[in-house]
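2 protein chains.
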Amino acid sequence: MAADLLGTRTITQIGILVHDIERTSQAYADFFGVEKPNWFWTDPSDKAQTEYRGSRSEARAKLAFFDMGSLQLELIEPDHEPSTWRESLDRHGEGVHHIAFIVEGMKEKIALLERGGMPLLQKGEYTGGRYAYMDTFKDLKVLIELLEND
Amino acid sequence: MAADLLGTRTITQIGILVHDIERTSQAYADFFGVEKPNWFWTDPSDKAQTEYRGSRSEARAKLAFFDMGSLQLELIEPDHEPSTWRESLDRHGEGVHHIAFIVEGMKEKIALLERGGMPLLQKGEYTGGRYAYMDTFKDLKVLIELLEND
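So the protein lines, in turn, are chains A and B. Convert by adding 7 to the 1-based position in the first sequence; the result is the number in our numbering. Convert by adding 7 to the 1-based position in the second sequence; the result is the number in our numbering.
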């Protein structure tokens with residue numbers, strides 16, 4: 008034990024896959040008594056440099072965020088290009104896709120997890136940082152997303 | 008909007024269904040560099056007064072908890088009696104089952120959600136409080152657990 012692979016145990020985000028972000032955003036807004044946030048598209052692939060299972064992908068997703076106390080709840084409606092979002096939605100249906108952690112040293116963290124038998128599934132850039140989804144499902148029964156902000 | 012059905016947006020717990028709590032607890036302990044917690048059985052049904060879909064159930068589950076920053080991660084290995092745990096595990100496999108919120112006025116909250124088209128799935132007592140799983144999946148794409156502590 009005592010590997011502490013991420014250097015943190017603080018969950019910063021729960022990501023949920025949905026078919027219709029407009030409808031589910033409205034349901035969350037109604038349920039929690041908050042304004043419905045605007046959803047937005049992730050960056051196009053030339054900017055996001057999205058890689059899925061080792062190949063470049065044009066995949067994008069609509070995202071909407073809700074502040075839930077100490078963490079964010081992220082709704083994700085993917086397009087039909089290859090991505091972990093689309094694959095999970097097609098295979099398992101709507102529901103929780105990942106929990107996210109903010110890390111330092113993204114490259115080293117990815118290498119560390121891969122050496123532990125948890126391969127990189129998808130990675131990309133966003134304004135101000137980058138993300139990586141690691142295939143931790145076999146061990147942890149949920150995917151882990153690493154977030155590194157500049 | 009502005010219903011604010013629960014009176015809170017603070018997620019206190021994420022619950023994950025597993026087939027083998029011993030193995031998955033060890034994987035979490037290894038991953039996050041913490042001691043493996045001991046799992047324990049939920050109370051027997053005469054004490055827990057478990058009701059599942061309106062009928063008394065003998066269902067119990069093994070539980071293990073990890074502190075993850077501001078919330079708890081709960082691993083759940085159910086027995087084979089009727090429960091939302093067993094039903095979800097059989098239908099959807101391992102993975103996230105619910106997010107939990109601490110509420111006041113359990114009866115009123117259950118009634119409020121049921122009027123909103125989100126029926127009670129399962130409820131029971133534990134030492135120091137009670138829980139209710141509400142079927143919020145259609146709207147929120149995850150089940151919500153209400154927790155009321157005395």
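The beta carbon of each residue, even a glycine, is placed where N, CA and C say it ideally should be. Note that the structure is a prediction, hence the values are computed from the model and not measured.
- For the 8 Å CB-CB criterion, K148 (chain B) and I23 (chain A) form a contact.
- Residues of chain A whose Cβ lies closer than 9 Å to the Cβ of T31 (chain B) are, in chain order, D146, L147, K148.
- A direct Cα-to-Cα measurement between A66 (chain B) and E65 (chain A) gives close to 47 Å.
- Between D146 (chain A) and F72 (chain B), the C-beta spacing is not below 8 Å.
- For E58 (chain B), DSSP records a beta bridge to B:R63, B:K130.
- By the Cβ criterion, the stretch 89 to 109 of chain B is in contact with the stretch 14 to 23 of chain B, since at least three pairs of Cβ atoms, one from each stretch, lie closer than 8 Å.
- Contacts between R60 (chain B) and chain A, judged by CB atoms closer than 9 Å, are missing: the closest CB pair is about 20 Å apart.
- By the Cβ neighbour-count rule, E81 (chain A) is buried, with 16 or more other Cβ atoms within 10 Å of its own.
- If you look at R122 (chain B), you'll find it in the alpha helix (DSSP H) that goes 113 to 122.
- The DSSP-derived three-state label of R137 (chain A) is strand.
- Annotation: G136 (chain A) to E152 (chain A) spans about 13 Å, alpha carbon to alpha carbon.
- Within chain B, no C-beta atom comes less than 7 Å from the C-beta of V110 (chain A); the nearest is roughly 13 Å away.
- Chain B places a beta carbon closer than 8 Å to that of A34 (chain A), counting this residue as a contact.
- DSSP, read as helix, strand or coil, puts L13 (chain B) in coil.
- Rounded to whole angstroms, T49 (chain A) and K69 (chain A) show a C-alpha spacing of 6 Å.
- The beta carbon of E101 (chain B) falls within 8 Å of a beta carbon belonging to chain A, placing the residue at that interface.
- Per the DSSP secondary-structure output, G102 (chain A) pairs in a beta bridge with A:L24.
- When C-alpha distances from K116 (chain B) are compared across B:S95, B:Y140, B:T134, B:F47, the shortest belongs to B:Y140.
- Under the Cβ criterion of 8 Å, D142 (chain B) is not counted among the residues facing chain A.
- Using a CB distance below 8 Å, the part of the stretch 36 to 68 of chain A facing chain B consists of A36, D37, F38, F39, G40, V41, E42, K43, ordered along the chain.
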